[in-house]
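Just below is one structure, and these are the notes that go with it.
In this note's numbering, the protein residues as written are 16 to 100.
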């Protein structure tokens with residue numbers, strides 16, 4: 016029974032319970048504390064908001080290895096560029 020009660024408490028009342036966004040602080044001895052904003056719960060609208068925030072804060076960068084620009088500024092693939100040499 017103690018395992019069941021502990022599982023219920025963590026799932027319903029614990030640190031990662033609920034829905035939406037929560038700020039979690041991770042403190043490791045010898046390092047400075049870091050704060051993270053996490054998405055708790057599994058509602059689709061919360062997950063979409065979290066994905067949109069991540070994309071805004073960490074945009075995807077185009078790899079220079081995979082793509083290059085020609086003189087006109089158009090993107091061409093690396094395979095095409097190596098074939099024309």
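Quick reminder that beta carbons are idealized off the backbone N, C-alpha and C, glycines included.
In this text, all values refer to a predicted model and were calculated from it rather than measured experimentally.
Between the CA atoms of residue j and residue i - distance to the nearest angstrom
i, j, result
"residue 75", "residue 20", "43 Å"
"residue 60", "residue 30", "21 Å"
"residue 53", "residue 41", "12 Å"
"residue 22", "residue 67", "31 Å"
Per-residue DSSP class, three states only, for residue i
i, result
"residue 99", "With a pLDDT of 48 at residue 99, under the threshold of 50, the predicted position of this residue should be treated as unreliable, and no value is reported."
"residue 71", "helix"
Host beta strand (DSSP E) of residue i (start-end)
i, result
"residue 22", "Not the beta strand (DSSP E): residue 22 falls in the alpha helix (DSSP H), residues 17-27."
"residue 50", "49-55"
"residue 33", "Unbroken run through residue 33: none, as it is neither H nor E."
Contacting residues, own chain, Cβ-Cβ under 7 Å from residue i (five flanking each side not counted)
i, result
"residue 97", "Interpretation of residue 97 is limited by its pLDDT of 46, a score under 50 that renders its predicted location unreliable; the figure taken from the coordinates is listed afterwards. Excluding sequence neighbours, residue 97 sits near nothing in its chain."
"residue 26", "32"
Whole-Å CB distance - residue i paired with residue j, under 8 Å assumed
i, j, result
"residue 34", "residue 69", "No, residue 34 and residue 69 are not in contact; Cβ-Cβ is about 18 Å, not under 8 Å."
"residue 50", "residue 38", "6 Å"
Neighbourhood of residue i by C-beta distance below 8 Å, restricted to the same chain and skipping five residues each side
i, result
"residue 36", "52, 53, 54, 55, 61, 64 and 65"
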